[in-house]
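Taking it in order: structure first as structure tokens, then the write-up.
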Amino acid sequence: MTLDSAGTGGKTDATSWPGFRRLTGVTKPDYPIRTRRLTLRPFTPDDFAALHSWQSRPDVVRYLYGEARTPEETTGSLALKASVTWPEKEGDHLALAVEKDGVVIGEAVLKWLSEAHRQGEVGYIFHPDHHGHGYATEAAAAMLDLGFTHLGLHRIVASCDAFNEPSWRVMERLGMRREAHFRHNEVFKGDWGEELIYAILEDEWHRMADSRWRGDGA
1 MTLDSAGTGG KTDATSWPGF RRLTGVTKPD YPIRTRRLTL RPFTPDDFAA
51 LHSWQSRPDV VRYLYGEART PEETTGSLAL KASVTWPEKE GDHLALAVEK
101 DGVVIGEAVL KWLSEAHRQG EVGYIFHPDH HGHGYATEAA AAMLDLGFTH
151 LGLHRIVASC DAFNEPSWRV MERLGMRREA HFRHNEVFKG DWGEELIYAI
201 LEDEWHRMAD SRWRGDGA
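Here's what the structure looks like:
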């Protein structure tokens with residue numbers, strides 16, 4: 001694509017498209033959010049010990065940017081998470097603490113990527129002691145529902161290191177579609193990295209939800 005003199009490539013403003021609708025009047029959910037086994041709620045200062053229990057582990061950050069965090073770094077991270085209880089503007093990250101039987105075992109994230117294009121992104125991190133039970137899938141499903149039902153998004157993506165099979169397996173269990181496999185797209189922790197991109201559209205998600213409600217699916 002060649003850019004015009006304004007650097008737009010001749011594209012019109014997305015707000016003029018027939019399918020555009022501004023994300024106003026969205027419904028902030030009532031917290032806590034309860035799934036079959038989990039409770040999701042905003043972070044509070046009391047969650048420091050739980051958050052640091054996984055942010056300080058090298059095995060948890062193996063496929064994440066940055067290194068294991070110091071207590072001071074976790075304090076800053078917690079303050080940022082606790083400051084956002086709902087995405088109010090494009091670029092906001094909503095991170096919710098995920099509880100199992102009253103114990104915080106991980107976090108689930110929803111990022112508002114674009115208002116004009118109604119795009120978002122989900123993510124999840126869990127303490128290794130709680131891997132292998134389907135908790136990430138359950139929590140991420142709740143975040144997808146928030147994005148589509150409450151924030152009015154049209155498309156939600158998720159990404160992970162191509163070698164992080166447990167993470168992309170979660171995306172596939174959620175019904176997300178693999179849209180890209182970027183090879184050597186960046187130098188990551190001293191070596192060439194590879195990244196997978198998954199996505200799902202609002203109508204696809206709602207069809208899946210309707211199927212579950214009717215009992216058509218597993």
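The opening position of the sequence shown corresponds to residue 1 in UniProt numbering, with each subsequent residue numbered one higher. Every residue, glycine too, gets a C-beta built ideally from N, C-alpha and C. This structure is a prediction, so every number in the text was calculated from the model and none was measured.
In the three-state reduction of the DSSP assignment, R212 falls in the helix class. For L78 against L51, the beta-carbon gap comes to about 5 Å, under 8 Å, which counts as contact. In the three-state reduction of the DSSP assignment, D191 falls in the strand class, which pools E and B. In the three-state reduction of the DSSP assignment, F48 falls in the helix class, which pools H, G and I. Straight across, the Cα-Cα distance linking V60 with E138 is about 19 Å. With contacts defined by Cβ atoms closer than 8 Å, E204 and H154 do not form a contacting pair. The C-beta distance from I200 to R169 rounds to 15 Å, too long to meet the 8 Å contact threshold. 8 Å or more divides the Cβ of A142 from the Cβ of Y124.
Cβ-Cβ separation between E115 and E90: approximately 5 Å, consistent with a contact (criterion under 8 Å). For S56 against R69, the beta-carbon gap comes to about 6 Å, under 8 Å, which counts as contact. Under the rule that a run must span 3 or more residues, the beta strand (DSSP E) segments found entirely inside the region 88-123 read 93-100, 103-114. Contact annotation: D161 and Y63 have beta-carbon atoms nearer than 8 Å. In the three-state DSSP reduction, L80 falls in the helix class (H, G or I). Look at R36 here: in three-state DSSP terms it is coil, with no helix or strand label.
Contact check for F43 and A97: beta-carbon distance about 5 Å, within the 8 Å limit, so the pair qualifies.
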